[in-house]
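The structure under discussion appears below in the form of structure tokens.
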Amino acid sequence: MSVKEILPEDSLLPFEMDFLPGFVSQKALVELKETSEAKVQNLEELKVVISRSEKINDINFEDDFLRIFLRKNKYNVSKAFVQLQNFVHFRRKYSSLFKSIPEEYFATKKSTEFFSVLPYRDRNGCCVVLLELGKWEPTELSIDDFKRLILSVYLQVLRDPMTQINGFQVIHDFNGTSAKHLRYCTPQNLYFLYHGAINCIPGRYKKIHMVNESVVLKALWAIIKHFMTEKMRKRIFFHSNPEDLVNFLPSTILPVQYGGEIYEYHNKNMIKKMNIAFEKTPLAGDPNYF
């Protein structure tokens, strides 16, 4: 089966899976250079490089955690090591943000619903995440807790080999954003989010969609484009009409406000579980879900 031969038109892949379909294993081989030899040899090479580093050789990393960095960097040991170092430095520098938000917030603060992992993957197996930024009320959920929730979801989702290999499609919805959000679009906050996502967290971001243009999006883009790589810029898509998303994602997996067919898409219990697991995650990383 070729990598481009994905699924029949009417097939849906749920977000939560416990196996790798054949086309995903083939994608790992062709796109990520994940041979049976590389899985062993390159992992051992990475461990040797780590052992020689005074900055991180005191950490006994989980094998599954190291393999996420290898997959992200197509089994290039040098690049995987640089990103791993970036992540460790990032986590140590911002250690206060690598903590769960209080569990009761999910019952008392609607702002916790701004981040959703959609129930189904796209036809390439990508995890689709939705950030409805207008649902975040800064007076209810602090900017630090906003960052904590983002970190917790991305890092927990990456424990899934399906997401490690296939990556993400990300939807940023600016509907409802206003001046109260604008004050947080500082170069420092935006660089934190960009640097953390791109240079530290080993996620494969395939497409990033910006919908419902607002003054916040204009301000954000005016700043963030200056430290965004050309490669990432080419993966950003602006949609004047939210329903244009159906040209990129099947309507069967999209919420109705984007021309889709899904009415219930925010899984509060799953986000709560990710939040709890986030604080328990050691610097050495967690094992995969499967």
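Residues in the sequence shown are numbered from 1 upward in steps of one, following UniProt numbering. Ideal placement from N, C-alpha and C gives every residue a C-beta, glycine not left out. All figures in this text were calculated on a predicted structure; none of them were measured in a lab.
Top-ranked residue by Cα proximity to residue i, from the options
i: leucine 70; options: Leu193, Ala80 and Asp63; result: Ala80
i: methionine 270; options: Pro202, Arg183, Glu213 and Leu149; result: Leu149
i: glutamate 34; options: His172, Cys200, Tyr205 and Val77; result: Val77
i: asparagine 288; options: Phe15, Leu43 and Phe65; result: Phe65
i: asparagine 199; options: Lys39, Ala28 and Asn86; result: Asn86
i: tyrosine 191; options: Phe227, Lys206 and Glu213; result: Phe227
i: lysine 72; options: Arg159, Asn57 and Asn189; result: Arg159
i: serine 251; options: Glu113, Ser36 and Leu118; result: Leu118
i: phenylalanine 114; options: Thr177, Leu193 and Cys126; result: Thr177
i: leucine 133; options: Asn212, Glu103 and Ile101; result: Asn212
i: arginine 235; options: Ile224, Glu261 and Lys207; result: Lys207
i: residue 332; options: Arg123, Glu54 and Gln41; result: Since the first residue shown for the chain is 1 and the last is 290, residue 332 is missing from the structure and cannot be characterised.
i: leucine 43; options: Phe61, Tyr258 and Ala28; result: Phe61
i: glutamate 45; options: Ala28, Tyr75, Glu54 and Val30; result: Tyr75
i: lysine 135; options: Met162, Gly285, Pro102 and Asn175; result: Asn175
i: phenylalanine 278; options: Ser53, Glu103, Glu230 and Ala222; result: Glu103
i: leucine 131; options: Leu29, Leu217 and Leu32; result: Leu217
i: cysteine 127; options: Ile101, Tyr105, Val157 and Phe146; result: Val157
i: asparagine 275; options: Ser25, Glu37, Ser11 and Tyr105; result: Tyr105
i: lysine 280; options: Gly22, Pro161, Lys99 and Phe146; result: Lys99
8 Å contact criterion, which residue i and residue j should meet: CB distance rounded
i: valine 88; j: leucine 220; result: Rounded, the Cβ-Cβ distance is 28 Å, inconsistent with contact.
i: phenylalanine 15; j: arginine 121; result: 6 Å
i: histidine 172; j: histidine 209; result: 7 Å
i: aspartate 18; j: phenylalanine 290; result: 5 Å
i: valine 129; j: valine 170; result: 5 Å
i: proline 202; j: isoleucine 56; result: So it is not a contact: roughly 15 Å between Cβ atoms.
i: aspartate 168; j: arginine 123; result: What sits at residue 168 in the sequence shown is phenylalanine, not aspartate. So it is not a contact: roughly 14 Å between Cβ atoms.
i: leucine 245; j: glycine 125; result: Contact doesn't hold; Cβ gap of about 18 Å is too wide.
i: valine 97; j: aspartate 144; result: Per the sequence shown, residue 97 should be read as leucine rather than valine. Indeed, because the Cβ distance is near 6 Å, the residues count as touching under 8 Å.
i: residue 293; j: isoleucine 165; result: With the chain covering only 1 through 290, there is no way to say anything about residue 293.
i: tyrosine 265; j: serine 116; result: 6 Å
Identified DSSP bridge partners for residue i
i: leucine 131; result: Phe115 and His172
i: phenylalanine 278; result: Note: phenylalanine 278 sits in no beta bridge, so no partner.
i: lysine 207; result: Gln169
i: phenylalanine 237; result: His209
i: leucine 70; result: Looking at the DSSP assignment, leucine 70 forms no beta bridge with any residue, so it has no partner.
i: isoleucine 262; result: Pro255
i: proline 14; result: Tyr120
Report yes or no: do three or more beta-carbon pairs, one from the stretch 229-243 and one from the stretch 99-114, lie closer than 8 Å?
Judged by Cβ distances under 8 Å, the stretch 229-243 makes no contact with the stretch 99-114, as fewer than three pairs qualify.
Three or more beta-carbon pairs under 8 Å between the stretch 130-143 and the stretch 49-66, yes or no?
The stretch 130-143 vs the stretch 49-66: no contact.
Quick check: the stretch 90-106 against the stretch 176-188, are at least 3 beta-carbon pairs closer than 8 Å?
Taking one beta carbon from each stretch, the stretch 176-188 and the stretch 90-106 have fewer than 3 pairs nearer than 8 Å; the two do not touch.
Are at least three pairs of beta-carbons, each pair with one atom in the stretch 262-279 and one in the stretch 147-161, less than 8 Å apart?
Yes, the stretch 262-279 touches the stretch 147-161.
Could you tell me which whole beta strand (DSSP E) segments of length 3 or greater appear in the stretch 80-114?
Whole beta strand (DSSP E) segments, 3+ residues: zero.
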